[in-house]
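Encoded as structure tokens, the structure appears first; notes follow it.
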Amino acid sequence: MSWGGLHKDSNKNFGNKLSIFSLVLFLFFISSIILFAFYWNNQKKIKHYYINRMRFYDKKIIDSIIEGKINQKDVIDELISQIERIEFVSYCKVYKKDSETLAVEIYEREPLALFKDSANNFWIVTTDYKVISSNFLLSKSFPIINDKIEPKFAVQKSYELLSFLKKIKQDYPEVYNCTAEIKKEGSNFHIVMKGTRTNIFLESSSCSEKLPLLTELIRRRDFGKYFKKELDLRMENLIVVR
């Protein structure tokens with residue numbers, strides 16, 4: 002090989018090494034900028050926050066937790082831990098919306114029914130069968146189980162009623178939303194309707210047949226003529242209005 006050929010190969014190898022070095026240097030520079038931006042973003046103080054997804058409970062207790070922690074570093078994990086200790090919170094998500102704004106998503110335990118204990122205090126049974134205090138409820142417009150029960154026995158003693166309420170909440174929401182009070186009398190469900198205070202009687206074994214009919218009655222514009230003092234749906238192929 003001639004001297005000229007060796008010189009060209011040497012220049013080519015040097016050029017390749019220089020290109021690789023330049024690329025590595027460029028990537029290092031870019032990654033340094035990204036890391037610095039990430040670090041700077043995390044160091045900035047959070048000035049704002051907002052809470053999403055709350056429908057049933059007062060958010061004041063969550064506000065107080067966030068406001069007590071918002072200026073601390075690495076606050077997200079601590080916030081999640083504290084918020085998820087609240088009895089009406091199933092779980093939550095906390096993340097930065099931007100460098101100065103914190104987003105908090107609360108997944109609530111959904112109320113199913115209310116009941117009173119022996120001291121006349123209201124309690125909630127949720128759709129996942131948890132018993133919690135009603136102190137943080139924004140509204141008490143949920144069906145009331147018309148029996149006094151001690152909280153630790155509520156699910157056990159009212160399981161059939163709760164299962165019935167959960168079914169109508171999912172499949173017959175018009176009936177659920179019109180239910181002011183409910184109790185079990187033998188094999189019958191006794192519902193007191195909101196507004197009209199009509200007493201509705203259903204046989205537990207025939208609920209799947211009668212609940213669609215009750216839903217249709219509630220949907221009718223002239224439903225008022227059906228909802229008097231009593232509406233008895235326990236008899237086959239017959240509705241008794243009193």
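Count along the sequence shown starting at 1, add 1, and that's the number in the working numbering.
For each residue, glycine too, the CB sits at the ideal point set by N, CA and C.
Best match in the options for proximity to residue i [C-alpha to C-alpha]
i           : options            : result
residue 234 : 190, 75, 94        : 190
residue 130 : 137, 114, 139, 198 : 114
residue 1   : 134, 222, 92, 182  : Look at the range of the chain in this structure, 2 to 243, and you will see that residue 1 is not part of it.
residue 164 : 216, 84, 205       : 205
residue 98  : 84, 50, 86         : 50
residue 209 : 63, 101, 62, 168   : 168
residue 238 : 220, 48, 226, 207  : 207
residue 61  : 79, 84, 78, 48     : 84
Contact set for residue i: own chain, Cβ-Cβ below 8 Å, skip 5 residues either direction
i           : result
residue 116 : 123, 124, 126, 145, 146, 148, 149, 150, 155, 159
residue 58  : 89, 109, 137, 138, 139
residue 228 : 194, 197, 199, 218
residue 180 : 144, 166, 169, 192, 193, 194, 195
Beta-carbon contacts of residue i that lie in its chain and below 6 Å, excluding the five residues immediately before and after
i           : result
residue 53  : 106
residue 230 : 243
residue 76  : 70
Residues that residue i bridges to, as DSSP identifies them
i           : result
residue 138 : 58
residue 203 : 190
residue 231 : 200
residue 241 : 233
Endpoints, the beta strand (DSSP E) within which residue i is located
i           : result
residue 84  : Run containing residue 84: none in the beta strand (DSSP E); it sits in the alpha helix (DSSP H), 77-84.
residue 106 : 102-109
residue 146 : 145-149
residue 1   : Since the first and last residues shown for the chain are 2 and 243, residue 1 lies out of range.
residue 72  : Per DSSP, residue 72 belongs to no beta strand (DSSP E) and is neither H nor E.
Range of the contiguous alpha helix (DSSP H) that encloses residue i
i           : result
residue 168 : 160-172
residue 119 : No alpha helix (DSSP H) contains residue 119, which DSSP labels as neither H nor E.
residue 219 : 208-220
Proximal residues to residue i (C-beta, below 7 Å), its chain only, five neighbours per side dropped
i          : result
residue 72 : 46
residue 91 : 108, 109, 110
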